[in-house]
Each structure stands twice: as structure tokens, then as C-alpha cells.
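Chains as they are written, first to last, in the working numbering: chain X, 84 to 305; chain A, 84 to 305.
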DNA sequence: AGTTTTGATGAAGACTTTATGAAGATTCTT
DNA sequence: AAGAATCTTCATAAAGTCTTCATCAAAACT
């Protein structure tokens, strides 16, 4: 599931965007200032940022600048003013990918988000993967066999299968397990990975499908 | 030079966009209908399409559909109407990448064009670099092979790859490795460079990619 | 040439992160 | 409420990484 970071000081707007994005099966995270959002972005996997440039303390622009220093993560600007120079500054100077003006149309926002994610993450057709997901049955299929997984294991593994060949931080994998914030030890994920690996090994001893990325997290190799 | 295809029935608008894009050193081609534009697109290399959805014969939508059948060429929609359903249809249904509404601000159009080209053609710098970065896997790719790097090595090398042909001081490279101040010996960096060089040598013995700048630091030669 | 400075190298050990197995806590089921 | 399954924590082992150090080689300076 894609994680969208929303940086918006108006709670009502943020909530309405969250609501519609989550209905569209995106994972949302809301911050009312750039600093906290940046903090979150540093430690978590984020797929797209929706950024209101009209934050009281200008921290939105700082956020965009910082993000652009190391990645080309798609950033959609939310702008209250129709002033052209603002738009051009955001887009051109700082490398935003698109922008929408207030009043926002939720559907249009979702459309923009989809459009951007389609560009950056072109569909990876997993033709020959040894994994597939039986979503209706809440099962992961490995080598044509259903895996017996606990709920947490299913959540983790199905996410890895949906997003293979890419590192997922422990923090992010934790956030997948819980709906709400939960003060658990981050190392819990190690134990879940351990049991997933054990189950995979029962069906295929030869390979190591889940790779450890020291200091970061794990990835599934196709 | 990038070639931009403009599909717009209003000659004045088309010319003003052309004018400003060409001033920005883009190569422009204007057609007043989708059919001719498609014809041109088939036989020529086009980098981006600026498309007015308000063409009299609806051929713009056809064009977008045809283009999307085989490529994810960035397409920016120009829309006269502020009608949301149109926008969403264009963006969502047919996979447009962005859209702008009339009356057009030429500078905004250019900004959008630049933003799109930056996304779809990310850092194809000179195309012949032997290095690239697989950010999703936190890996540096060298000669089409993934390098196995430790966290510190990844941080250093990826930074060098992102900023090649330029000297980086040891102090700076150190600051990249640590989040917090750390009272380590500056010579630690020598050892990290040593192991990076070793890994590069395993794949290519002939060349020296990392150059030492006595008294200062290191640089990566492309 | 000889001296001094700076970098390269290999290896040792300190340190950090992850794996593992088992026990305790929690949740779910019956 | 008891029992089973699951999740989390903990202690320890194992693996991997970073830093330091001693020594050698190269470059710069006198």
C-alpha cells in the first residue's frame, strides 16, 4: 500500500483528503507542519507528499527543499493563492511534480495522486514470481501452496509480495501491523520475519527470499 | 533537445506556448488536431505532449488513448473548462500526467513541462555513466551489477555517484555517515574508501574510479 | 637525496545490529 | 473462564560493521 504524507495545517482539509485517500486504499499520514513531516519521512517509507505551501511558518518550502536534496519523490503542492509566481516557484524552483489549488476537489486530488504514482512506479507485472496473493482468502501463495500465516505475518508478507525488490523499514512494516500507534519495540519485526522465513523454508530450503538490509529493514527478492 | 508536441486548435495560444518553449530551448511541433499529431508522433521522437482536450472533433482524447496504448510519454492536458469531471476523466481515465487550465500562463506551462521531463527522464546524465543508484533497494549499481555495500559505504558511494567529478572533503563525507556528531578519527574515511575501491575493483580491475585529492578528500570520476 | 607529510593497507578489536529460542503477556475462541 | 493461538519481550549468540592502529608507500617540500 502506498503511503501518502499530507502536510496541511487546516485539520478539516487534511481529514477530508485522508478520508478519501484511505477509501481509495492509500495509507495516509498527516502532519500540520513541515518539520514533523520531514522527521517522519526520514525514518519511513513514503511514496508521495501532498504539501500545502501556505503553512504559517513556511516550513513547507523547507520540507520540499530537504526532500529534493536526496530524492525525486513525487510532491504535489496544495496552494491557496492563485498567484502565478508562487506556483512557478514551487513547481520550477523546487521540483514539485504537480499542484492543485484550493478549494480542493477531493476527487481531483486523488486523481493527481494516482497520476503521479503511475509515473514514478510503472506497473511491475510479476509474471514469474513464486509468490501471489489470494486476497479474498487472506492467504499468501508460495510455490502454488497456501501458506499458513498468522495475521501479522500475513500483513507483512503480503506487503512484501506486493512491493518486491525494495527495502521496507522496520518502522514501516510495524505500521502495517497496527491500525493505530502502538508503542511496541521495533525489534518485534525481527521475530515476525524470523517466523515468516521459517515457513518459507519449510517449502523451499534452498533460497533466501527475504533479505536483511542492515540498519534499515527487509526486502523480498523475486 | 526535447521535442514537445502541441495539440491545440487555437493558433494564438499555440504560438505563444511555442514561443516561450522555444526560448527555453525546447523543440516544438504544433498541430491543430489529434490525427495529424498522432501521425507525427508515430514517425518521430517526441518527449512530451501538450494536449488541448477541447478540440472540436474530440480527436485529442483519441490521441491520448492511442499514445497510452504503447507508451507512458508524459502528457499535459490543457483544459478550457473548469469542469471537474473533464479533468478527472483526462487524468484518471487516460493517464495524463498533469493538466493546466485556460487562460494559460506561459511560464506555468513551461514549469509543468520541465517538471514532467524531470520525472520521466530522471538523471539520464550523459547516459554512459557506469554508476546508478537503486534507491528502493538502497544499492549502488555499477556496470549493471548490484554492489554489496555496508551502510557507511552506501552512504559515501551514493553521494559520490550523485555528485561526480567533484571533490568531497573527508569532513563532509564523515558527516554523511553519521546522523549525530561523532568524535571519530577523520582517517576512518580512508578505510571506507579503501573498501569501496576494493569492491569496485572486483568488477573492474582496469580503472580507478575514485580519485584522491591530497589534503582534501576524494572524487568520483565518470 | 633526505625529510616530512599524507594516504594506502591489512589486521585486530570494539562496537552495533540481527538472529534465535524461549518465556511471558495478550488476544481470541469456545 | 480455560485453553489455544498469537504477539511481544528478553537474554544470549552470532554476524556484520566501524574504528583504530601500526606499518608501508607515495608525494611534496627543503
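Think of the CB as a built atom: it goes at the ideal place given N, C-alpha and C, for glycine as much as any other residue.
Are there 16 or more other CB atoms within 10 angstroms of the CB of residue 87(X), so buried, or fewer, so exposed? buried
Sequence-distant residues of its chain with Cβ nearer than 7 Å to residue 124(X) (five each side left out): 88 and 150
Would you verify that the beta carbon of residue 258(X) is, or is not, closer than 9 Å to some beta carbon of chain A? no
Any Cβ of chain A within less than 9 Å of the Cβ of residue 154(X)? Yes - at least one Cβ of chain A is within 9 Å of the one on residue 154(X).
Using a Cβ-Cβ cut-off of 9 Å, state whether residue 234(A) counts as contacting chain X. yes
First through last residue of the beta strand (DSSP E) which encompasses residue 303(A): 300-303
Report yes or no: is there a C-beta of chain A within less than 9 Å of the C-beta of residue 137(X)? no
So what's residue 112(X) in DSSP terms, helix, strand or just coil? The answer is strand: DSSP assigns residue 112(X) an E or B state.
Who are residue 293(A)'s beta bridge partners in DSSP? Paired residue(s): 303(A).
Where the beta strand (DSSP E) through residue 88(A) begins and ends: 86-90
Measuring CB to CB, does residue 135(A) end up less than 9 Å from residue 93(A)? yes
Does the structure place the region 215-232 of chain X close enough to the region 238-255 of chain A that three or more beta carbon pairs sit under 8 Å? no
Taking CB distances under 9 Å as the criterion, tell me whether residue 246(A) reaches chain X. no
DSSP three-state call for residue 228(X): helix, strand or coil? strand
Interface residues of chain X facing residue 265(A) [CB-CB closer than 7 Å]: Going along chain X, no residue has its Cβ under 7 Å from residue 265(A), so there is no contact; the nearest lies around 15 Å.
Cutoff 9 Å: residue 298(X) Cβ touching any chain A Cβ: yes
I need the boundaries of the beta strand (DSSP E) containing residue 131(A), first residue and last residue. 131-135
For residue 148(A), count neighbouring C-beta atoms within 10 Å of its own C-beta (all shown protein chains included) and say buried if the count is 16 or more, exposed if not. Residue 148(A) comes out exposed.
Any beta carbon from chain X within less than 9 Å of residue 120(A)'s own beta carbon? no
With a threshold of 16 other CB atoms inside 10 Å of the CB of residue 275(X), please say whether the residue is buried or exposed. buried
Endpoints, alpha helix (DSSP H) assigned at residue 244(X): 234-245
Enclosing beta strand (DSSP E) for residue 154(A) [first to last residue]: Per DSSP, residue 154(A) belongs to no beta strand (DSSP E) and is neither H nor E.
Supposed contact pair residue 300(X) and residue 256(X) - C-beta distance, whole angstroms, cut 8 Å: In this structure, residue 256(X) and residue 300(X) form a Cβ contact; the two beta carbons are roughly 6 Å apart against a cut-off of 8 Å.
Any C-beta of chain X sitting closer than 9 Å to the C-beta of residue 209(A)? Only weak support is given to the placement of residue 209(A): the predicted model assigns it a pLDDT of 41, under 50, and the value that follows is read from those uncertain coordinates. No, no contact with chain X.
Using a threshold of 9 Å, state whether the C-beta atoms of residue 133(X) and residue 100(X) are closer than that. yes
Mind checking residue 298(A): buried by the 16 CB within 10 Å criterion, or exposed? exposed
Residue burial classification, residue 285(X) (beta-carbon count within 10 angstroms, cutoff 16): By the 10 Å Cβ count, residue 285(X) comes out exposed.
Under 9 Å, Cβ to Cβ, is there at least one residue of chain A near residue 97(X)? No, no contact with chain A.
Please name the residue in 287(X), 195(X), 129(X) and 279(X) whose C-alpha comes closest to that of residue 249(X). 129(X)
One or two residues paired with residue 158(A) in a DSSP bridge: Assignment of beta-bridge partners to residue 158(A) by DSSP yields 132(A).
Using a Cβ-Cβ cut-off of 9 Å, state whether residue 228(A) counts as contacting chain X. No, residue 228(A) does not count as interfacial toward chain X.
Are the C-beta atoms of residue 205(X) and some chain A residue less than 9 Å apart? Its pLDDT being 43, under 50, residue 205(X) is placed unreliably in this model, and the value from its coordinates should be taken loosely. Residue 205(X) counts as touching chain A.
May I have the straight-line CA-CA distance separating residue 304(A) from residue 213(A), to the nearest angstrom? 10 Å
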